[in-house]
Amino acid sequence: MKLDLLTSLYVFMLAAFIGFEVIRRVSPLLHTPLMSLTNALDAIAVVGAIILAGEYHAHGAMMARILGTIAIVAATSNIVGGFLITDRMLKMFKASGPKKP
Amino acid sequence: MTNLPGVETVIEITYLIATALFILSLKWLSSPTTARRGVFAGELGMLLAIAGTLLHHGIVEYKWIVIALVLGTIIGVPLGEVAMTAVPQRTALSHAFGALCVTLVGTAHFYLGAPNLPRFTMGVLALEVILGSLTFTGSLMAAGKLQEILPQRPITYKGQNIVNLGLLGIAVVVAGILVAHQEKTQLFPLIVGIPLLFGVMMIIPIGGADMPTVISLLNSYAGLSAAAMGFVLDSKLLIIAGALDGASGLILSVNMSKAMNRSFSNVLFGAFGQEQTAVAGHKDARPVRSATPEEAAAILSAANKVVIVPGYGMAVAQAQHKVRELYDALTKRGVDVKFGIHPVAGRMPGHMNVLLAEADIPYDKLLDMEDVNGDFPQTDVALVIGANDVTNPAARTDASSPIFGMPILDVDKARTVMVIKRSMGAGFAGIENPLYYLDKTLMLFGDAKSFVGSIVRELGGGHE
């Protein structure tokens, strides 16, 4: 697992640019759902926590398992809660005009 | 387990697809018509990424992972079902959880890897842990203030910024020492502990009206700490998700600080909430004109064009459903009703929009400040409900006012202004609002919910 630093920096930079461009277009109308959605996506950190909790460690295994497990709980609650509430909020946004039941 | 290059490739491909889905998810969020598709894309990406990770052949122990995933779901469901008025504190709490996850993983990586971590990795790990822990306590404090568990009044003292920046400075220096001398593992608790303290200190001087900026900033920190974790783990997926979240938080913080007329550096260094000007002392009792619900109803029904300006006071009074009834009653009479929403109205970006959408007000009637300001000169009645500083014309005209230069909703350009307010007390910033003394302004004294209810009854609508 060799860290390819420069590639990672490129990835970060490009993602930041994409982020700015995509998110600049989100209307202020939806800024609250935007925040809860990015919060859920950010909880992808769960991937790191899963590997930490599940991997074999020659030493410090107990610590890794405990911290990893708590981290998974925290991240999963963000994933579930974040997606749920974002969808609930977005469901409420209705256009005027012909009323749909 | 044997070498399985096939599985590793599959995992990498699920990550690649997940990344694409995350970007699409945010792209689709740009419009209310495609936004729900965006949520679905995000969910799918997340599911793929987690499933891919579970295939990882390095994982030898599944029991705790499964227990943790189930437990997280059990905690997450109620967090997804809070009332819309509680969304700001829920958001702050979820920033805290995200930061907790990142901090714990970073801490474990340090103790597993030190003193053999590459120097760059150690540097990013320090950044990850510092940002993570300050976001954790900062967000908990913010959530506590929003939930009104903690006192909402900003607490300030002399030299506060120096103390705070000093704390952060010490943490950075310690981090620098650790990068140079990783074997000094006993220093590591300091780069967790000091930022934990800093997070608390950072939020102490924050008052309610600053919350939109603070929440956005914490959002950005949470994202950046996750991106840093991506560098440590060499995970492109995490770097990208963290960068997207960081960018989003940053854009929102810049928006919010602009809307509050604060420089971004002012916000970055946590120097907000300081301007508790002593103007609050009560001045000469200038005359104001007040009106009863009957009079207000008569004026409103005679109008062609009405703009309603809601503020946090509307949410506090839980008046949004009554406001919807008013909207219905006026629309039925052929009055054109729109809503003018200031970016910092409420306790987080977009808060008012969510509350009004929940009350079934169509989103095309909810206008941003820029869109609605041009309309005020042609507006017959501007009805202000529970908003104060964001309508204060002193921000345009009075260079001595603490909010001078702040972009406001130009309600004073409407033909008639009505303000629903409990009393003549000053707003959050303790600033006198000259709007209330204009000849065209009618003060409607009372609780927002019951006052709007009375207007609706006068108009012959409502379901009481």
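The listed protein sequences correspond, in order, to chains A and B.
Under this note's numbering, the first residue of the first sequence carries the number 15, and numbering increases by one thereafter.
Under this note's numbering, the first residue of the second sequence carries the number 25, and numbering increases by one thereafter.
A virtual CB, placed ideally from N, CA and C, is assigned to each residue, including glycine.
The beta-carbon of M77(A) is placed less than 8 Å from the nearest beta-carbon of chain B. At a cut-off of 8 Å between beta-carbon atoms, L20(A) makes no contact with chain B.
The C-beta of D471(B) comes no closer than 8 Å to any C-beta of chain A.
Inter-residue distance for A109(A) and S277(B) is about 28 Å (C-alpha atoms, whole angstroms). Here the segment 206–222 of chain B does not lie against the segment 254–271 of chain B, with fewer than 3 beta-carbon pairs under 8 Å apart. Under DSSP, E69(A) shares a beta bridge with I83(B). By the beta-carbon neighbour count (other beta carbons within 10 angstroms, threshold 16), L324(B) is buried. Cβ contact annotation for Q176(B) (same chain, cutoff 6 Å, sequence separation greater than five): K169 and G232, in chain order.
Annotation: the continuous beta strand (DSSP E) that includes V443(B) extends over T440 to K445. Distances from the CA of T161(B) to each of G122(B), A132(B), V129(B) and A138(B) were compared; the closest alpha carbon is that of G122(B). One alpha carbon belongs to E35(A), the other to N328(B), and they sit about 39 Å apart.
Interface residue (Cβ-Cβ distance to chain A less than 8 Å): F212(B) is not classified as such. DSSP, reduced to helix, strand and coil, places K329(B) within a strand of the structure shown. In chain order, G68 make up the part of chain A whose C-beta sits under 8 Å from the C-beta of Y86(B). Secondary structure note for T465(B): its beta strand (DSSP E) is the uninterrupted segment T465 to F469. Pairing L350(B) with V480(B) gives a Cβ-Cβ distance under 8 Å. Apart from sequence neighbours up to five positions away, the residues of its chain that approach L45(B) with a beta-carbon distance below 6 Å are A65, L68 and G69, ordered along the chain. Following the DSSP letters along the chain, one finds V405(B) inside the beta strand (DSSP E) bounded by residues V405 to I409. By alpha-carbon distance to G337(B), the top candidate from L211(B), Y461(B), N279(B) and D471(B) is D471(B). DSSP places V106(B) outside any alpha helix (DSSP H), giving it a letter other than H or E. Listed in chain order, the non-local C-beta contacts of A419(B) below 7 Å within the same chain comprise S425, I427, F428, G429, M430 and I432, local neighbours out to five positions each way being set aside. A Cβ-Cβ separation of about 38 Å leaves V187(B) out of contact with V94(A) under the 8 Å criterion. For F400(B), no beta strand (DSSP E) segment is defined, and its DSSP state is neither H nor E. Contact annotation: the segment 74–87 of chain B does not touch the segment 203–214 of chain B, with fewer than three C-beta pairs closer than 8 Å. With a beta-carbon spacing of about 14 Å, V333(B) and D404(B) fall beyond the 8 Å limit used to define contacts. Linking A339(B) to T109(B) through their CA atoms gives a straight-line distance of about 7 Å. Going by DSSP, V256(B) is part of no beta strand (DSSP E) but of the alpha helix (DSSP H) stretching over M235 to L257.
Within the DSSP bridge table, the entry for G364(B) names L391(B) as partners. A Cβ-Cβ separation of about 14 Å leaves L248(B) out of contact with G223(B) under the 8 Å criterion. Between P417(B) and P458(B), the beta carbon gap of about 6 Å places them in contact (Cβ cut-off 8 Å). With respect to the 8 Å criterion, R348(B) and A322(B) are not classified as neighbours on the basis of their beta carbons. Under the 8 Å criterion on CB atoms, N397(B) is classed as non-interfacial with respect to chain A. If you draw a 10 Å sphere on the C-beta of L149(B), you find 16 or more other C-beta atoms in it, and that means buried. Within 8 Å of the CB of R60(B), the CB atoms of chain A belong to D101, L104 and K105, in sequence order along the chain.
Here DSSP, grouped into helix, strand and coil, assigns P334(B) to strand. Rounded to whole angstroms, the Cβ separation of M284(B) and T355(B) is 33 Å, and the two are not in contact under 8 Å.
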